[in-house]
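> One structure is given below, represented as structure tokens, and several questions about it will come after.
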Amino acid sequence: MKRLAALLALAIAAAAALFYAGVYDISATDQHLAPTYWLLDTGMRRAVKQRAARITPPDLGQPGQSQRGLALYRRHCVQCHGAPGVAPEPFALGMTPAPANLVYTAREWPPAEVFWVVKEGIKMTGMPAWKYRMPDEDIWAVVSFMRELPRLSPEQYRARKTGREDPVEAGTASAGDAGRGRMAINQYTCVTCHEIPGIVGPNAPVGPPLKAAGTRGFIAGVLPNTPENMVRWLRHPQAVNPKSAMPDLGVTERDARDIAAYLSTLK
Amino acid sequence: MRLSALVLCIALAGCDGAKPVLEADPESGRLLLRQFGCGACHRISGVADAQGTVGPPLDGVRNRVYLAGVLPNSPDSMVRWIRAPEAFEPRTAMPNLGVSAEHARDMVAYLYTLR
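Given below as structure tokens:
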């Protein structure tokens, strides 16, 4: 028993040493080891199944729904996933894991699971969450269109008309508060430029750290730190300071309020 | 004097024995930061009473990419910012305190030691 424990400890130490020595190749040009791929892929499939089980799809054959889905697909999906007879953009070809061919996905995955993945995204894959960019009806519209994908020839795909050509860029919100703001902070990738307590990520010092943001006197050195001003700043930094390096991320009013609520809790 | 600077370096574990930036005097900068009242608005480790929360904390400021969100950070640009903030951002809440070039260089030398 003692020997077994020693052996286990040794194995963990060896694994830790390999891990810390940087032996595993994280480059996108080096494919995963087959067992690693299986582990990640199976884990992902299981996780999606578990979470999508609670979702009941609405009627996916509503008039105009798949046309709207096609418009959204051309605007937001085809760049990475391609379409019948359409290759993904060059940047997407360099991704690991490679973005799935959705013609196959649409045939194999139940609508609720596709919906869940589009809405929530998948960590470390490049698949973004559309939750804060598309209302649920739009995501269902995409799912509705995807159901038709496997039956479309390249020629038919090209010829399909989209109908209304004004996909919604942002919208949707459920309950609003600091807790939701914390999730929204992740979704607008604030942590790639700011150190933010409670948010796991690069916490890079591109802009000022936001620890104690709730007690800071000024925003960007120019606006008194009030909730209204924070919303103003988060939504359109250039309207406050045209020279600011902080980009306009298309933050919705609702999301900005929630983010400001979270930031104000940081003392 | 040299010993105290060394002790300071080790205490802050910030300069790793490297030469101060701008070949200025970090210890003098530390005292100047207090003299100019920088701590009324900024939190600065090693500077007495520097607990202000009006502007951003200055610990680790050497790693920050932008100053005031507009000016790419370097020792030289920090000197220019300290001396005339309004030249880069007319509406900034940071006042022009009439800091001389030499004093500003010392301040920056100290701020660049902070992790």
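Heads up: the protein sequence lines correspond to chains S and F, in order.
Residue numbers for the first sequence, in our numbering: 120 to 386.
Residue numbers for the second sequence, in our numbering: 3 to 117.
Idealized CB from N, CA, C, for every residue including glycine.
This one's a predicted model, so the numbers in the text were calculated from it and none came from an experiment.
1. If I follow the unbroken alpha helix (DSSP H) through Phe-138 (chain S), where does it start and stop?
2. To the nearest angstrom, how far is it from the Cα of Pro-59 (chain F) to the Cα of Gly-300 (chain S)?
3. Pick helix, strand or coil for Ala-323 (chain S), following the three-state DSSP scheme.
4. What first and last residue would you give for the alpha helix (DSSP H) that runs through Phe-234 (chain S)?
5. Please report whether the beta-carbon of Val-48 (chain F) lies at a distance below 9 Å from any beta-carbon of chain S.
6. So what's Pro-216 (chain S) in DSSP terms, helix, strand or just coil?
7. Less than 8 Å between C-beta atoms, sequence neighbours within five positions excluded: which residues of the same chain meet that for Asp-296 (chain S)?
8. May I ask you to report which of helix, strand or coil DSSP gives Arg-279 (chain S)?
9. Using the Cβ count rule (16 or more neighbours within 10 Å means buried), how would you classify Thr-215 (chain S)?
10. Which word fits Thr-308 (chain S), buried or exposed, when buried means at least 16 other C-beta atoms lie within 10 angstroms of its C-beta?
11. Would you please verify whether the beta carbon of Val-341 (chain S) is less than 9 Å from any beta carbon of chain F?
12. Taking only beta-carbon atoms, is Arg-66 (chain F) less than 9 Å away from chain S?
13. So is Val-325 (chain S) in contact with chain F if we call contact Cβ pairs under 9 Å?
14. Quick check: the segment 41–55 of chain F against the segment 23–30 of chain F, are there 3 or more CB pairs under 8 Å?
15. Name the DSSP beta bridge partners of Phe-337 (chain S), please?
The answer reads as follows:
1. Mapped onto the first sequence, residue 138 (chain S) falls at position 19. Start and end: 121–139.
2. As a first step, residue 59 (chain F) must be located in the second sequence, where it is residue number 57. As a first step, residue 300 (chain S) must be located in the first sequence, where it is residue number 181. Approximately 23 Å between the Cα atoms of the pair.
3. Here residue 323 (chain S) corresponds to residue number 204 of the first sequence, with the count starting at 1. In this structure, Ala-323 (chain S) counts as coil in the three-state DSSP scheme.
4. Indexing the first sequence from 1 puts residue 234 (chain S) at position 115. Where Phe-234 (chain S) is concerned, the enclosing alpha helix (DSSP H) stretches over 230–239.
5. Taking the second sequence and counting its residues from 1, one reaches residue 48 (chain F) at position 46. In the sequence on display, residue 48 (chain F) carries Gly and not Val. Not an interface residue.
6. Here residue 216 (chain S) is taken as the residue at index 97 of the first sequence, counted from 1. Looking at Pro-216 (chain S) - three-state DSSP - the assignment turns out to be coil, as it is neither helix nor strand.
7. Locating residue 296 (chain S) in the first sequence gives position 177, where the first residue counts as 1. For Asp-296 (chain S), where only same-chain residues beyond five positions count, the Cβ hits under 8 Å are Asp-377 and Ala-380.
8. For the purposes of this step, residue 279 (chain S) is taken as residue 160 along the first sequence, with counting starting at 1. Coil, per DSSP.
9. Start at 1 with the first residue of the first sequence, and residue 215 (chain S) comes out as number 96. Result: exposed.
10. Position 189 of the first sequence, counted from the first residue, corresponds to residue 308 (chain S). Per the 10 Å Cβ criterion, exposed.
11. Residue mapping note: residue 341 (chain S) aligns to position 222 of the first sequence, counting from 1. So yes, Val-341 (chain S) belongs to the interface.
12. If you number the second sequence from 1, residue 66 (chain F) lands on position 64. With 9 Å as the cut-off, Arg-66 (chain F) counts as an interface residue toward chain S.
13. Walking along the first sequence from the start, residue 325 (chain S) turns up at place 206. So yes, Val-325 (chain S) belongs to the interface.
14. no
15. As a working note, residue 337 (chain S) is residue 218 in the first sequence. The partner list for Phe-337 (chain S) (beta bridge, DSSP) reads S:Pro-343.
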